[in-house]
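Here the protein sequences come in this chain order: G and F. Numbers 1 to 109, taken from my numbering, label the letters of the first sequence in order. Numbers 1001 to 1114, taken from my numbering, label the letters of the second sequence in order. Glycine included, each C-beta is placed from N, C-alpha and C at the ideal position. Working notes, beginning with the structure itself.
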Amino acid sequence: QKEVEQNSGPLSVPEGAIASLNCTYSDRGSQSFFWYRQYSGKSPELIMFIYSNGDKEDGRFTAQLNKASQYVSLLIRDSQPSDSATYLCAPDNTDKLIFGTGTRLQVFP
Amino acid sequence: DAGVTQSPTHLIKTRGQQVTLRCSPKSGHDTVSWYQQALGQGPQFIFQYYEEEERQRGNFPDRFSGHQFPNYSSELNVNALLLGDSALYLCASSSGLAGASPLFFGPGTRLTVL
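As structure tokens, this is what we get:
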């Protein structure tokens, strides 16, 4: 079992829709969870982090965490073409971040 | 506020050569982590430096080594380059060990091994 699993996609959604990105992780000891966005040819940039079970909202982004199910998700409301990128999930693993392969999101006009 | 910087931006080497990549962390950060990202893959953890010591290491051979200087900047060295070492090498900094605080990435160094 991989440490972090994400559907590689692409996930295609129309402009204005909600994009739902999912991630499962294997380390039950993970306490912190980070979502990064990576545009093609660029480095990852942090968009959200969550430490507690439940939801955390920041603008159009909502991170959801369920530690019992070892599941973390990212919702993007009112998706825009500029949101088209790869989204990387990264739980901490004994003081280092382990990344999934990422989900490629395509938002079409 | 200067972010994470890396040099060089691009590098072309041949098999068997050695390469050194450099990284300066974001102002106020004291921890540097290095990742390798192959095309279509997520970043793979190489190692992490804190207080000038290697604190964590991923599943990479000893050909990969590093160093952290007193000013928190860091180098990644790769010896005996293989074609499979071609990748984007990312440096990320944090305040303290990663996990408790988020990583901030530099622009990366694109290494091509011919």
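### Query
Using the beta-carbon of each residue, which ones in chain G are nearer than 9 Å to F1045 of chain F?
Residue mapping note: residue 1045 of chain F aligns to position 45 of the second sequence, counting from 1. Those are N93, K96, L97, I98, F99, listed as they occur along chain G.
### Query
Name the chain F residues that come within less than 7 Å of F49 of chain G, Cβ to Cβ?
Counting from one through the first sequence, the residue named residue 49 of chain G turns up at place 49. Within chain F, the residues near F49 of chain G are P1102.
### Task
Indicate whether at least one CB of chain F lies closer than 8 Å to the CB of Q70 of chain G.
Position 70 of the first sequence, counting from 1, holds the residue named residue 70 of chain G. No, Q70 of chain G lies away from the interface with chain F (no Cβ there is under 8 Å from its Cβ).
### Task
Pull up the CB-CB distance for Y1049 of chain F and T1031 of chain F, whole angstroms please, since I reckon it's below 8 Å.
Locating residue 1049 of chain F in the second sequence gives position 49, where the first residue counts as 1. Locating residue 1031 of chain F in the second sequence gives position 31, where the first residue counts as 1. Right, the Cβ-Cβ distance comes to about 7 Å (below 8 Å), so this counts as a contact.
### Task
Would you give the residue range spanned by the beta strand (DSSP E) that F108 of chain G belongs to?
One-based indexing of the first sequence puts residue 108 of chain G at position 108. F108 of chain G -> beta strand (DSSP E) spans 103-108.
#### Entry: DSSP three-state assignment for G1084 of chain F, whether helix, strand or coil
Position 84 of the second sequence, counted from the first residue, corresponds to residue 1084 of chain F. Three-state result, G1084 of chain F: helix.
### Message
Could you compute how far the alpha carbon of Y87 of chain G sits from the alpha carbon of Q31 of chain G?
### Response
Here residue 87 of chain G corresponds to residue number 87 of the first sequence, with the count starting at 1. Here residue 31 of chain G corresponds to residue number 31 of the first sequence, with the count starting at 1. Their Cα atoms are separated by approximately 20 Å.
### Query
Going by the beta-carbon positions, is the gap between T94 of chain G and Q6 of chain G smaller than 8 Å?
Numbered from 1 along the first sequence, position 94 holds the residue referred to as residue 94 of chain G. Numbered from 1 along the first sequence, position 6 holds the residue referred to as residue 6 of chain G. With a cutoff of 8 Å on beta-carbon distance, T94 of chain G and Q6 of chain G are scored as not near each other.
### Task
Grab me the residues of S1065 of chain F's own chain with a C-beta within less than 6 Å of its C-beta, minus the 5 sequence neighbours each way, in chain order.
On the second sequence, position 65 is the one that residue 1065 of chain F refers to. So the list reads N1077, once near-sequence residues are dropped.
### Query
Would you call I114 of chain G buried or exposed, if buried means 16 or more other Cβ atoms sit within 10 Å of its Cβ?
No answer is possible for residue 114 of chain G: it lies beyond the span of chain G, which begins at 1 and ends at 109.
### Expected contact under 8 Å - CB spacing of Q1037 of chain F and L1090 of chain F to nearest Å
Translated into the one-based positions of the second sequence, residue 1037 of chain F becomes position 37. Translated into the one-based positions of the second sequence, residue 1090 of chain F becomes position 90. The Cβ separation is near 6 Å, so the contact holds.
### Task
Just confirm the distance between the C-beta atoms of F34 of chain G and A90 of chain G, as a whole number of angstroms; I'd bet it's less than 8 Å.
Here residue 34 of chain G corresponds to residue number 34 of the first sequence, with the count starting at 1. Here residue 90 of chain G corresponds to residue number 90 of the first sequence, with the count starting at 1. Contact flag correct, Cβ pair sits at about 4 Å.
### Message
According to DSSP, simplified to helix, strand and coil, what is S52 of chain G?
### Response
Mapped onto the first sequence, residue 52 of chain G falls at position 52. S52 of chain G falls in the coil class under three-state DSSP.
### Query
Along chain G, which residues have their Cβ under 7 Å away from the Cβ of S1033 of chain F?
Against the second sequence, residue 1033 of chain F aligns to sequence position 33. Neighbours of S1033 of chain F on chain G, chain order: K96.
### Query
Which residue from G:I76, G:I98, G:K96 puts its Cα closest to that of V107 of chain G?
Locating residue 107 of chain G in the first sequence gives position 107, where the first residue counts as 1. Nearest of G:I76, G:I98, G:K96 to V107 of chain G, Cα basis: G:I76.
### Message
The beta strand (DSSP E) that contains V1078 of chain F, what's its start and end?
### Response
For the purposes of this step, residue 1078 of chain F is taken as residue 78 along the second sequence, with counting starting at 1. In the DSSP annotation of this structure, the continuous segment of the beta strand (DSSP E) that includes V1078 of chain F starts and ends at 1074-1078.
### Message
In the DSSP assignment, the beta strand (DSSP E) including Q1112 of chain F goes from what residue to what residue?
### Response
Counting from 1 along the second sequence, the entry for residue 1112 of chain F is found at position 112. Before going further, note that residue 1112 of chain F is Thr rather than Gln in the sequence given. Per DSSP, T1112 of chain F belongs to the beta strand (DSSP E) from 1109-1113.
### Task
Sort G:D27, G:E15, G:L11, G:P10 by Cα distance to F99 of chain G and report the nearest one.
Mapped onto the first sequence, residue 99 of chain G falls at position 99. Of the listed residues, the one whose Cα sits closest to F99 of chain G is G:D27.
### Task
Measure the Cβ-Cβ separation of E1054 of chain F and F1060 of chain F and say whether it is below 8 Å.
Residue mapping note: residue 1054 of chain F aligns to position 54 of the second sequence, counting from 1. Residue mapping note: residue 1060 of chain F aligns to position 60 of the second sequence, counting from 1. Cβ distance not < 8 Å, so E1054 of chain F and F1060 of chain F don't count as in contact.
### Message
Could you tell me the alpha carbon to alpha carbon distance between Q1017 of chain F and T24 of chain G, rounded to whole angstroms?
### Response
Numbered from 1 along the second sequence, position 17 holds the residue referred to as residue 1017 of chain F. Numbered from 1 along the first sequence, position 24 holds the residue referred to as residue 24 of chain G. For Q1017 of chain F and T24 of chain G, the distance between alpha carbons rounds to 39 Å.
### Query
For the beta strand (DSSP E) that F33 of chain G lies in, which residues bound it at each end?
Sequence index remark: in the first sequence, residue 33 of chain G carries index 33 (1-based). Segment 33-38, the beta strand (DSSP E) holding F33 of chain G.
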